[in-house]
Amino acid sequence: DTGVSQDPRHKITKRGQNVTFRCDPISEHNRLYWYRQTLGQGPEFLTYFQNEAQLEKSRLLSDRFSAERPKGSFSTLEIQRTEQGDSAMYLCASSLERGWVQVSAGANVLTFGAGSRLTVL
Amino acid sequence: DAKTTQPPSMDCAEGRAANLPCNHSTISGNEYVYWYRQIHSQGPQYIIHGLKNNETNEMASLIITEDRKSSTLILPHATLRDTAVYYCIVRDKTSYDKVIFGPGTSLSVIP
Numbered sequence: 007d008t009g010v011s012q013d014p015r016h017k018i019t020k021r022g023q024n025v026t027f028r029c030d031p032i033s034e035h036n037r038l039y040w041y042r043q044t045l046g047q048g049p050e051f052l053t054y055f056q057n058e059a060q061l062e063k064s065r066l067l068s069d070r071f072s073a074e075r076p077k078g079s080f081s082t083l084e085i086q087r088t089e090q091g092d093s094a095m096y097l098c099a100s101s102l103e104r105g106w107v108q109v110s111a112g113a114n115v116l117t118f119g120a121g122s123r124l125t126v127l
Numbered sequence: 455d456a457k458t459t460q461p462p463s464m465d466c467a468e469g470r471a472a473n474l475p476c477n478h479s480t481i482s483g484n485e486y487v488y489w490y491r492q493i494h495s496q497g498p499q500y501i502i503h504g505l506k507n508n509e510t511n512e513m514a515s516l517i518i519t520e521d522r523k524s525s526t527l528i529l530p531h532a533t534l535r536d537t538a539v540y541y542c543i544v545r546d547k548t549s550y551d552k553v554i555f556g557p558g559t560s561l562s563v564i565p
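These protein sequences, in sequence, are chains R and C. Going by my numbering, the first residue of the first sequence is number 7, and it counts up by one from there. Going by my numbering, the first residue of the second sequence is number 455, and it counts up by one from there.
Shown next, in the form of structure tokens:
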């Protein structure tokens, strides 16, 4: 396993178009996160999944944004009718969350992908 | 909202120790302190975590105060490749919460 993969790495689109990003997490990881990051800011939480269940969505995630993780493996983040303000780096991370089990080395640690950079013209 | 506060930026001379502080005054007994860093144009990378004891690994040391209200990440011999944004995060050990990042500390290692 080579880590968390994100595709595409770069996407340039015109305002009003739809875009979809894919994230392939580390295979045994049950938790998957999506973040958005703009220049000079820390990653902003968008949403996260525990297996295939979407547990929470940020208020940043407008109705134009939808995320899925259909079989608890890969995930997609779709943005409909893109706006210039959607230009950002979209980061995916995965982790093996063990709940009440004592945190051990490697557990409950987020592994990030390299991100997908979106530019909306 | 992030549960931690960090200085926005710091400088460190190459070869010297970089000490990055983090304040987490509202931390609860179940919460761990995690540190990540983000080198320009890459995704954040895990560095170290701890509960109440000091921790050390091949990347860094983590010193947590006795009252657990603050911690310090130590890079013992900073190199130019350590120039990055460093994020301090607290997480509950039940880990059913989402992970929230603050703005972090931008560390510049100067030759």
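Glycine residues also receive a C-beta, built at the ideal position from the N, C-alpha and C atoms. Every value quoted in this text rests on a predicted model; they were computed, and no experiment measured them.
query	result
Integer-rounded CB distance, given that residue 66 of chain R should sit under 8 Å from residue 50 of chain R	6 Å
Buried versus exposed call for residue 103 of chain R [16 or more other C-beta atoms within 10 Å across all chains shown]	buried
Identity of the residue in R/89, R/118 and R/123 nearest residue 21 of chain R by Cα	R/89
Residue from C/457, C/483, C/468 and C/493 with nearest C-alpha to residue 522 of chain C	C/483
Identified DSSP bridge partners for residue 567 of chain C	Since the displayed chain C opens at 455 and closes at 565, residue 567 of chain C lies outside it and no answer follows.
Continuous beta strand (DSSP E) assignments of at least 3 residues falling wholly in the stretch 27-61 of chain R	37-43 and 50-56
Cut-off 7 Å between Cβ atoms - residues of its own chain near residue 70 of chain R, not counting five sequence neighbours on either side	85, 86 and 87
Chain-ordered residues of the stretch 60-77 of chain R with a beta carbon less than 8 Å from chain C	61 and 62
Reduced DSSP secondary structure (H/G/I, E/B, other) of residue 90 of chain R	helix
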